[in-house]
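S.K.: Per the numbering used here, the sequence shown runs over residues 79 to 496.
Just dropping this structure here.
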Amino acid sequence: MRVGVAAAVAIAIAAPAVAHAQSTRYPKPPVDTDREREQHSDLWDATLHPQKGPYKEALDKADAKLRENQDDERVAAIKILDGAIELQPAEPAAYRMRGGAFLALHEWARCADDLGAAAQHAQRPEDVTTELRRDLGVCQARAGRLADAEHTLADAAANGTRSVELWMRLGETRIAMGKLDEARSALDTALDMTDGGQQTPILWLRALANDRARLPGEAEDDVRRALGFDRTRSLLEVPVLTPLGDGEKEYALGLSYADADPREPELAIVYFRRFVQVAPKSPWRKRADEHLRDLQGVTLPIAVKRIGGAAALDLDATTKIVQGQMPKLRACLAHMPGLLLEVKITRAGPRAVDTAPNLPRYVAPPDGAAVTPVLQFDASKADLDTATRCVQPIAETMHLPAVTDRGSYYVVAFDVIQ
Numbered sequence: 079m080r081v082g083v084a085a086a087v088a089i090a091i092a093a094p095a096v097a098h099a100q101s102t103r104y105p106k107p108p109v110d111t112d113r114e115r116e117q118h119s120d121l122w123d124a125t126l127h128p129q130k131g132p133y134k135e136a137l138d139k140a141d142a143k144l145r146e147n148q149d150d151e152r153v154a155a156i157k158i159l160d161g162a163i164e165l166q167p168a169e170p171a172a173y174r175m176r177g178g179a180f181l182a183l184h185e186w187a188r189c190a191d192d193l194g195a196a197a198q199h200a201q202r203p204e205d206v207t208t209e210l211r212r213d214l215g216v217c218q219a220r221a222g223r224l225a226d227a228e229h230t231l232a233d234a235a236a237n238g239t240r241s242v243e244l245w246m247r248l249g250e251t252r253i254a255m256g257k258l259d260e261a262r263s264a265l266d267t268a269l270d271m272t273d274g275g276q277q278t279p280i281l282w283l284r285a286l287a288n289d290r291a292r293l294p295g296e297a298e299d300d301v302r303r304a305l306g307f308d309r310t311r312s313l314l315e316v317p318v319l320t321p322l323g324d325g326e327k328e329y330a331l332g333l334s335y336a337d338a339d340p341r342e343p344e345l346a347i348v349y350f351r352r353f354v355q356v357a358p359k360s361p362w363r364k365r366a367d368e369h370l371r372d373l374q375g376v377t378l379p380i381a382v383k384r385i386g387g388a389a390a391l392d393l394d395a396t397t398k399i400v401q402g403q404m405p406k407l408r409a410c411l412a413h414m415p416g417l418l419l420e421v422k423i424t425r426a427g428p429r430a431v432d433t434a435p436n437l438p439r440y441v442a443p444p445d446g447a448a449v450t451p452v453l454q455f456d457a458s459k460a461d462l463d464t465a466t467r468c469v470q471p472i473a474e475t476m477h478l479p480a481v482t483d484r485g486s487y488y489v490v491a492f493d494v495i496q
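And the structure:
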């Protein structure tokens, strides 16, 4: 009995020692105090702000839809963000996201309101990024809040940013405000930050500023430089953003044809007429009228273009013949100031002698004329048919230089406007 008790006591005494040895050999994992604090903070934050989780979920859902880059998905994202803003009206993220969706949908006033709210609710100055202020300025300008837009963009530019887009939009806004010297200065800065084809949209804008500042030589230089990169005028025909002001697209296209090399006065006249029609109260109406007065004093066509064939042709003599017929041709477009027709006339020489009937050979097209509409603002189909039926026989019977070489021909083209 004593031996058993002693053994039991010995085991009881030894057990804690073994446990202590094991705990020393295999220590417990260290406590991650940062993680504990984070978990405690998240728990506390969730307790104090129960809407924060649903808010983030809404942002994630909206972001997924916006990444689809489709208008219907943008509309769906906007509805989700409406709910997020109701949950956390003082948080900037949903305003920023919804403002971007409105920008893509060209809903300028709502875009300006949301991006302004995002800037207002930003918790740190660095959260109001250059991109946010640029987009805000773009939307403010297109919502008609030009003074606000200038302040937004100029304030961002004053921070020394090298954003070409921001400086370009500042110049664009100042043109709309009539601050032409300041506009040209901002556009000069944008041009200094880039080169090559990236200068094209800036050059188109500076051409407008120079033209309206009565600097025609500088405007012409800008137009011709821009055309060197954008021969089809694609950035004017399909601008990235809606131009500021009614008729600005038509004015820019008119200027682009008036100052081109060679000049194309017929196209310039029709576009400036269109500008006057759609923007009769524009501050640039007087300048457009000046262009029209100068262009309408030009003898049209300035030159006839050869567009086909290899027959000998005196283009100067041909131009004078067409100019002599132009009053009758233009009378066909009476009361159609927005219509421009292109006329193509073919004249062929005697048919070549068929010396090798079993071999295929090229045959010159027959004499004739084709009349095609190039521009037709407010011209009905009936108007177009009437004008075409009037122009066609005059063109077909025009006494252009004859072709004497067998199997040879030429095709010439010119434009007709009212």
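Every residue, glycine too, gets a C-beta built ideally from N, C-alpha and C.
Here's a check: name, in chain order, each residue in its chain whose Cβ is nearer than 8 Å to the Cβ of Leu-417, leaving out the five neighbours to either side.
M.R.: If we look at Leu-417 and ignore the five residues flanking it on each side, its Cβ neighbours are Val-348, Leu-411, Pro-451, Leu-453, Gln-454, Phe-455, Ala-457, Asp-461, Leu-462, Ala-465, Ile-495 and Gln-496.
S.K.: Skipping 5 residues on each side, what residues in its chain have a beta carbon closer than 8 Å to that of Gly-446?
M.R.: Answer for Gly-446: Ile-423, Thr-424 and Glu-474, listed in chain order.
S.K.: Taking the DSSP output, what are the residues bridged to Val-494?
M.R.: Paired residue(s): Leu-419.
S.K.: Inspect the beta-carbon positions of Ala-381 and Pro-479 and report whether they are closer than 8 Å.
M.R.: Cβ distance not < 8 Å, so Ala-381 and Pro-479 don't count as in contact.
S.K.: Taking a contact to mean a Cβ-Cβ separation below 8 Å, would you say Ala-426 touches Pro-444 in this structure?
M.R.: Contact: yes.
S.K.: Express the C-alpha separation of Leu-393 and Tyr-399 in angstroms, rounding to a whole number.
M.R.: One detail in the question is off: residue 399 reads as Ile in this sequence, not Tyr. Each residue's Cα considered, the two are about 10 Å apart.
S.K.: Do Ala-140 and Ile-158 come within 8 Å of each other at the CB atom, strictly closer than that value?
M.R.: Cβ distance < 8 Å, so Ile-158 and Ala-140 count as in contact.
S.K.: Expressed to the nearest angstrom, what Euclidean distance is found between the alpha-carbon atoms of Ala-390 and Glu-296?
M.R.: Computed Cα separation, rounded: 39 Å.
S.K.: Would you decide whether His-369 is buried or exposed? Buried here means 16 or more other CB atoms lie within 10 Å of its CB.
M.R.: So His-369 counts as buried.
S.K.: Using 10 angstroms around the beta-carbon of Thr-482, count the other beta-carbons present and answer buried if the total reaches 16, otherwise exposed.
M.R.: Classification of Thr-482: exposed, given that the 10 Å Cβ count is below 16.
S.K.: Does the beta-carbon of Gln-201 have 16 or more other beta-carbons within 10 angstroms, so that it is buried, or is it exposed?
M.R.: The residue in question, Gln-201, is exposed, as its Cβ has fewer than 16 Cβ neighbours within 10 Å.
S.K.: Would you call the CB atoms of Ala-136 and Gly-161 closer than 8 Å?
M.R.: Yes, Cβ-Cβ distance for Ala-136 and Gly-161 is below 8 Å.
S.K.: Below 8 Å between beta carbons: does that hold for Asp-213 and Gly-178?
M.R.: Closer than 8 Å, so yes.
S.K.: When burial is assigned at 16 or more other CB atoms within 10 Å of the CB, is Ala-236 buried or exposed?
M.R.: Classification for Ala-236: exposed.
S.K.: I'd like the list of long-range same chain contacts for Leu-244, defined as Cβ closer than 8 Å, with 5 residues on each side in sequence excluded.
M.R.: Taken in chain order, the residues that qualify are Thr-208, Arg-211, Arg-212, Gly-215, Leu-231, Ala-234 and Ala-235.
S.K.: Sort out for me which residues DSSP pairs Gln-454 with in a bridge.
M.R.: Paired residues: Leu-417.
S.K.: Just to confirm my understanding: we take Val-376, look at its own chain, exclude 5 residues before and 5 after, and list those with CB closer than 8 Å. What are they?
M.R.: Excluding sequence neighbours, Val-376 sits near Pro-343.
S.K.: Is it right to say Tyr-104 is buried, meaning 16 or more other beta carbons lie within 10 angstroms of its own, or is it exposed?
M.R.: Because the pLDDT of Tyr-104 is 48, which lies under 50, any placement of that residue in the model is unreliable, and the number read from its coordinates should be weighed accordingly. Counting Cβ neighbours within 10 Å, Tyr-104 comes out exposed, since fewer than 16 surround it.
S.K.: Just how far apart, CA to CA, sit Asp-120 and Leu-144?
M.R.: Caution is warranted here: a pLDDT of 49 is assigned to Asp-120, below 50, making its placement in the model unreliable, and no coordinate value can be reported.
S.K.: Grouping DSSP H, G and I as helix and E and B as strand, with all else coil, what is Gly-222?
M.R.: Three-state result, Gly-222: coil.
S.K.: Taking the beta carbon of Asp-584 as the centre, do at least 16 other beta carbons fall within 10 Å, making it buried, or is it exposed?
M.R.: Any property of residue 584 remains undetermined from this structure, which presents the chain solely from 79 to 496.
S.K.: The alpha helix (DSSP H) with Gly-387 in it runs from where to where?
M.R.: Per DSSP, Gly-387 belongs to no alpha helix (DSSP H); it is in the beta strand (DSSP E), 383-387.
S.K.: Check whether the Cβ of Asp-367 lies closer than 7 Å to any heavy atom of the ligand NAP, and answer yes or no.
M.R.: Absent from the structure shown: the ligand NAP. Ligands present: none.
S.K.: What are the partner residues of Tyr-488, as DSSP defines its beta bridges?
M.R.: Note: Tyr-488 sits in a beta bridge opposite Gly-387 and Arg-425.
S.K.: Taking the CB atoms as reference points, tell me whether Tyr-487 and Gly-387 lie closer together than 8 Å.
M.R.: In contact: Tyr-487 and Gly-387 (Cβ atoms closer than 8 Å).
S.K.: Could you check the C-alpha separation between Asp-493 and Asp-226 for me, to the nearest Å?
M.R.: Taking the straight line joining both Cα atoms gives about 45 Å.
S.K.: So what does DSSP say about Gly-323, is it helix, strand or coil?
M.R.: It is coil, neither helix nor strand.
S.K.: Per the DSSP calculation, Gly-446 is bridged to which residue(s)?
M.R.: Its beta-bridge partners are Thr-424.
S.K.: Just reading off the alpha helix (DSSP H) that Lys-398 is part of, what are its end residues?
M.R.: Element bounds for Lys-398: 393-409.
S.K.: Could I get the ranges of all uninterrupted alpha helix (DSSP H) runs contained in the segment 223-276, with 4 residues as the minimum, in chain order?
M.R.: The segment 223-276 contains these whole alpha helix (DSSP H) runs: 224-235, 242-255 and 258-270.
S.K.: Could you check the C-alpha separation between Asn-288 and Leu-331 for me, to the nearest Å?
M.R.: When rounded, the distance between both Cα atoms is 15 Å.
S.K.: Which first and last residues belong to the alpha helix (DSSP H) in which Val-354 is found?
M.R.: Residues 343-356.
S.K.: Quick check on DSSP: helix, strand or coil for Lys-157?
M.R.: If DSSP states are grouped into helix, strand and coil, Lys-157 belongs with the helices.
S.K.: Val-356 and Glu-315 look like a contact to me (Cβ under 8 Å); what is the Cβ gap, rounded to whole Å?
M.R.: That belief does not hold up - the Cβ atoms of Val-356 and Glu-315 are roughly 16 Å apart, past 8 Å.
S.K.: Distance check for Ala-268 and Val-242, CA to CA, integer angstroms please.
M.R.: Answer to the nearest angstrom: the Cα atoms are 5 Å apart.
S.K.: Could you check what DSSP says for His-477 in three-state terms: helix, strand or coil?
M.R.: Coil at His-477, not helix or strand.
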